[in-house]
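Q:
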Amino acid sequence: MAWDSGEVREILRMIEAEHLDVRAVTMGISLRDTAAESLERTCARVYEKLMRAASALVSTAQAVEADYAVPITNKRISVTPMALVTEPSRATRVVEAAVTLDRAAGELGVDYIGGFSALVEKAMTSGDRALVDSIPEALAVTKRVCSSVNVATTRAGINGDAVLIMGRVIKELAERTAREGGIGCAKLCTFANIPDDNPFVAGAMHGLGEGECVINVGCSGPGVVLSALKRLRASGEPMNLSTIADTIKRMAFKVTRAGELIGREVARRLNAAVSGGAGELRVRFGIVDLSLAPTPAVGDSVAEILEEMGLERTGAPGSVAALALLTDAVKKGGVMASSHVGGLSGAFIPVSEDARMVEAVRVGALSLESLEAMSAVCSVGLDMVAVPGDTSAETLAAIIADEIAIGVFNNKATAVRIIPVPGKNAGESVIYGGLLGEAIVQPVSRFRSDRFITLGGRIPAPLLALRN
């Protein structure tokens with residue numbers, strides 16, 4: 046990938062003034078060959094492989110970061126969905142597997158490890174159920190482990206039984222981490238159409254078709270897009286929907302170029318450093334996730350981009366259309382910069398992690414319902430949303446079901462990362478700090494849907510699933 050001096054100068058400006066960073070370099074590692082007939086033996090094999098495969102990940106990423114002067118905010122690992130890895134042990138609880146992942150992640154120096162996951166879009170096996178039942182304790186006793194459960198696909202429909210179980214899992218996890226504001230729930234996503242190559246937590250996992258070892262990259266860039274739109278407005282040139290889209294596409298192209306450069310270089314250097322025992326454990330470059338990932342920093346906000354387009358506040362009428370324009374332009378610009386695009390790819394709207402969205406919730410512009418509508422056109426779904434601690438498991442499940450239906454019937458990935466904050470009521474706030482930011486507790490409808498959500502069974506796949 047050749048760079049000219051002008052591109053280099055522009056990238057440096059983006060880093061210094063516009064919050065550009067590589068949000069995550071994530072090493073995906075297959076653990077399919079670690080399964081054994083006892084959980085103890087499985088955990089030993091998992092630990093050994095992680096330590097061997099990722100021993101040079103952090104040092105290599107740091108060296109690339111220093112050589113290219115591009116910040117890499119997080120170094121992460123994703124693994125094969127652990128329900129598949131632990132199932133041959135026939136264990137009824139697999140918390141020990143999560144503890145093993147956490148220990149390896151800590152010793153390797155990575156920020157998070159994703160893949161304490163299960164794929165249950167049609168039904169649960171005994172191994173799936175063992176993992177799902179273990180999630181509340183597992184995420185409460187670990188620091189770096191992230192979990193995701195795929196409860197639906199466009200092809201299979203929605204597993205209503207699994208949706209209800211996840212409502213109960215989230216409720217228990219919030220209670221187990223009540224002293225920290227239910228923070229355990231920030232490490233858990235309930236998905237529809239989960240991607241195999243997502244570098245972002247909490248939904249990161251290493252899909253079955255991904256091969257042995259891969260580097261996936263997630264870029265940031267809301268600050269870059271925001272600054273470009275401000276320059277467009279200040280230039281005096283005509284500013285309309287078309288010029289906004291063109292400006293965003295150009296910026297997405299440049300951000301993606303930077304992300305792919307870093308990902309390919311990390312993979313290249315790791316190939317020289319990682320040994321696979323008897324043979325070489327080859328590390329390949331996988332994908333760039335085009336998602337705009339905000340932070341709590343001022344000027345690094347997706348909501349600010351929408352407001353720069355002309356919304357008084359994110360959540361006002363027109364928010365869905367503005368977000369659709371942004372997401373589409375990001376994707377079009379990104380795919381011109383890289384042939385290997387994947388993950389979620391679009392615009393993230395994690396409420397607590399975006400300072401301007403926090404303000405929109407605080408002033409009443411952004412509600413649970415408007416967020417749900419916006420999720421139909423963005424990358425994920427209801428992300429880092431706080432609700433009152435007394436919200437019932439059934440209501441949580443119903444909120445999940447609504448969001449999952451949007452993904453299934455629109456043939457896109459959607460997810461729910463929701464936190465029923467123990468002891469907090471609507472309008473109160475909880476500060477998680479770091480990238481997780483501050484969450485304003487949002488009101489939930491007082492009308493119940495328990496009789497519907499407890500019916501059980503499956504919501505059939507939509508007609509668009511019959512594409513053969």
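For this note's numbering, count along the sequence shown from 1 and bump the result up by 45. Virtual Cβ for every residue (Gly too), placed ideally from N, Cα, C. As the structure is a computational prediction, the values presented were derived from the model and not from experiment.
1) Leaving out the 5 sequence neighbours to the left and right, which residues in its chain are closer than 6 Å to residue 66 when beta-carbon positions are compared?
2) With a threshold of 6 Å on Cβ separation, who are the neighbours of residue 83 within its own chain once the five nearest residues in sequence on each side are excluded?
3) Residue range of the alpha helix (DSSP H) that residue 298 falls in?
4) With 16 other CB atoms within 10 Å as the buried threshold, where does residue 341 fall?
5) Who does residue 387 pair with in a DSSP beta bridge?
6) Buried or exposed: where does residue 280 fall if 16 or more other Cβ atoms within 10 Å of its Cβ makes it buried?
7) By alpha-carbon positions, which one of 137, 391 and 450 ends up nearest to residue 180?
8) Taking the alpha-carbon positions, what's the residue 450 to residue 456 distance?
9) Under a Cβ-count criterion, where at least 16 other Cβ atoms within 10 Å of its own Cβ denotes burial, should residue 500 be classed as buried or exposed?
10) For residue 210, which three-state DSSP category applies?
11) State the DSSP-derived secondary structure class of residue 191, mapped to helix, strand or coil.
12) Excluding the 5 residues preceding and the 5 following residue 255 in the sequence, name in chain order all residues of the same chain whose CB lies nearer than 8 Å to its CB.
13) Under 9 Å, do residue 157 and residue 200 count as touching if we go by C-beta distance?
14) Taking the beta strand (DSSP E) that residue 157 falls in, what are its first and last residues?
15) Indicate the three-state DSSP secondary structure (helix, strand or coil) for residue 412 in the structure shown.
16) Residues bridged to residue 233 by DSSP?
17) Which complete alpha helix (DSSP H) runs does the region 116-144 hold, if anything under 4 residues is left out?
18) Give me the Cα-Cα distance between residue 458 and residue 261, rounded to the nearest whole angstrom.
19) For the alpha helix (DSSP H) that residue 498 lies in, which residues bound it at each end?
20) Quick check on the DSSP output: what are the complete alpha helix (DSSP H) runs of length 4 or more inside the region 336-407, in order along the chain?
21) Would you call the CB atoms of residue 132 and residue 80 closer than 9 Å?
22) Can you name the residues that DSSP bridges to residue 264?
23) Measuring alpha carbon to alpha carbon, tell me which of 365, 406, 468 and 436 ends up nearest residue 418.
24) Exposed or buried, what is residue 506 when buried is set at 16 or more other beta-carbons lying within 10 Å of its beta-carbon?
25) Taking all protein chains shown into account, do 16 or more other C-beta atoms lie within 10 angstroms of the C-beta of residue 512, making it buried, or fewer, making it exposed?
26) Is the region 196-216 close to the region 161-168, with three or more CB pairs under 8 Å?
27) Please say whether residue 463 and residue 45 have beta carbons closer to each other than 9 Å?
28) Out of 105, 232, 225 and 206, which has the shortest C-alpha to C-alpha gap to residue 192?
29) Thinking C-alpha only, which one of 274, 149 and 453 is nearest residue 289?
30) Considering Cα atoms alone, identify which of 87, 257, 404 and 267 is closest to residue 347.
31) Enumerate in chain order the residues of its own chain whose CB-to-CB distance from residue 106 is below 7 Å, with the five nearest sequence positions on each side excluded.
32) Excluding five sequence neighbours on each side, which residues of the same chain lie with their C-beta closer than 7 Å to the C-beta of residue 473?
33) When DSSP labels each residue in this structure, what does residue 272 get in the three-state scheme?
34) Look at the Cβ atom of residue 411, then the Cβ atom of residue 358, and state whether they are nearer than 9 Å.
35) Let me know if residue 283 comes out buried or exposed under the rule of 16 or more other beta-carbons within 10 Å of its beta-carbon.
36) In terms of alpha-carbon separation, which member of 212, 375, 221 and 150 lies closest to residue 183?
A: Per the coordinate set shown:
1) Along the sequence shown, one-based indexing puts residue 66 at 21. Closer than 6 Å at Cβ, skipping near neighbours: 116, 118 and 265.
2) Locating residue 83 in the sequence shown gives position 38, where the first residue counts as 1. Only 134 meet the Cβ criterion.
3) The count along the sequence shown starts at 1 and reaches residue 298 at position 253. Counting along the chain, the alpha helix (DSSP H) containing residue 298 begins and ends at 286-318.
4) The residue you call residue 341 lines up with position 296 of the sequence shown. Under this definition residue 341 is a buried residue.
5) On the sequence shown, position 342 is the one that residue 387 refers to. In DSSP, residue 387 forms a bridge with 334.
6) On the sequence shown, residue 280 is found 235 positions in, with the first residue counted as 1. Exposed, since its Cβ has fewer than 16 Cβ neighbours within 10 Å.
7) Here residue 180 is taken as the residue at index 135 of the sequence shown, counted from 1. Of all alpha-carbon atoms in 137, 391 and 450, the one lying nearest the alpha-carbon of residue 180 is that of 137.
8) What you label residue 450 is simply residue 405 of the sequence shown in a count that begins at 1. What you label residue 456 is simply residue 411 of the sequence shown in a count that begins at 1. Distance between the alpha carbons of residue 450 and residue 456 is about 10 Å.
9) Position 455 of the sequence shown, counted from the first residue, corresponds to residue 500. Looking at its Cβ environment, which holds fewer than 16 other Cβ atoms inside 10 Å, residue 500 is exposed.
10) The residue given as residue 210 occupies position 165 in the sequence shown. In the structure shown, residue 210 falls within a helical segment according to DSSP collapsed to helix, strand and coil.
11) For the purposes of this step, residue 191 is taken as the residue at position 146 of the sequence shown. Note: residue 191 maps to strand in three-state DSSP.
12) Against the sequence shown, residue 255 aligns to sequence position 210. Taking C-beta separations shorter than 8 Å and ignoring five residues to either side along the sequence, the partners of residue 255 in its chain run 73, 75, 241, 242 and 331, following chain order.
13) Taking the sequence shown and counting its residues from 1, one reaches residue 157 at position 112. Taking the sequence shown and counting its residues from 1, one reaches residue 200 at position 155. Using a Cβ distance threshold of 9 Å, residue 157 and residue 200 do not count as a contacting pair.
14) One-based indexing of the sequence shown puts residue 157 at position 112. Taken as a continuous stretch (DSSP letters only), the beta strand (DSSP E) holding residue 157 covers 157-164.
15) Residue 412 sits at position 367 when you count from the first residue of the sequence shown. In the three-state DSSP reduction, residue 412 falls in the coil class, being neither helix nor strand.
16) Working through the sequence shown from its first residue, we reach residue 233 at position 188. Answer is 192.
17) 127-131
18) For this step, residue 458 is matched to residue 413 along the sequence shown. For this step, residue 261 is matched to residue 216 along the sequence shown. If I take the Cα positions, the gap works out to 18 Å.
19) Numbered from 1 along the sequence shown, position 453 holds the residue referred to as residue 498. 495-498 is the extent of the alpha helix (DSSP H) around residue 498.
20) 347-353, 364-382 and 400-407
21) Looking up residue 132 in the sequence shown gives position 87. Looking up residue 80 in the sequence shown gives position 35. For residue 132 and residue 80, yes; Cβs fall inside 9 Å.
22) By one-based count along the sequence shown, residue 264 stands at place 219. Answer by DSSP bridge pairing, in chain order: 67.
23) Taking the first residue of the sequence shown as 1, we reach residue 418 at position 373. Comparing Cα-Cα distances from residue 418 to each of 365, 406, 468 and 436, the minimum goes to 365.
24) Against the sequence shown, residue 506 aligns to sequence position 461. Note on residue 506: 16 or more other CB atoms within 10 angstroms of its CB, so buried under the neighbour-count rule.
25) Counting from 1 along the sequence shown, the entry for residue 512 is found at position 467. Residue 512 is exposed by the Cβ-count criterion.
26) Contact between the region 196-216 and the region 161-168 is present, because at least three Cβ pairs lie under 8 Å.
27) This structure cannot settle anything about residue 45, because the visible part of the chain is limited to 46 through 513.
28) Position 147 of the sequence shown, counting from 1, holds the residue named residue 192. For residue 192, the closest alpha carbon among the candidates 105, 232, 225 and 206 is that of 232.
29) For this step, residue 289 is matched to residue 244 along the sequence shown. Nearest to residue 289 by alpha-carbon distance, out of 274, 149 and 453, is 274.
30) Working through the sequence shown from its first residue, we reach residue 347 at position 302. Nearest option by C-alpha distance: 267.
31) For the purposes of this step, residue 106 is identified with residue 61 of the sequence shown, where counting begins at 1. Closer than 7 Å at Cβ, skipping near neighbours: 70, 117, 120 and 311.
32) Numbered from its first residue, the sequence shown carries residue 473 at position 428. 486.
33) Here residue 272 refers to the residue found at position 227 of the sequence shown. Residue 272 falls in the helix class under three-state DSSP.
34) As a working note, residue 411 is residue 366 in the sequence shown. As a working note, residue 358 is residue 313 in the sequence shown. A contact, by the Cβ cut-off of 9 Å.
35) Taking the first residue of the sequence shown as position 1, residue 283 is located at position 238. Residue 283 comes out exposed.
36) Stepping through the sequence shown from its first residue, residue 183 is reached at position 138. Out of 212, 375, 221 and 150, 221 has the C-alpha closest to the C-alpha of residue 183.
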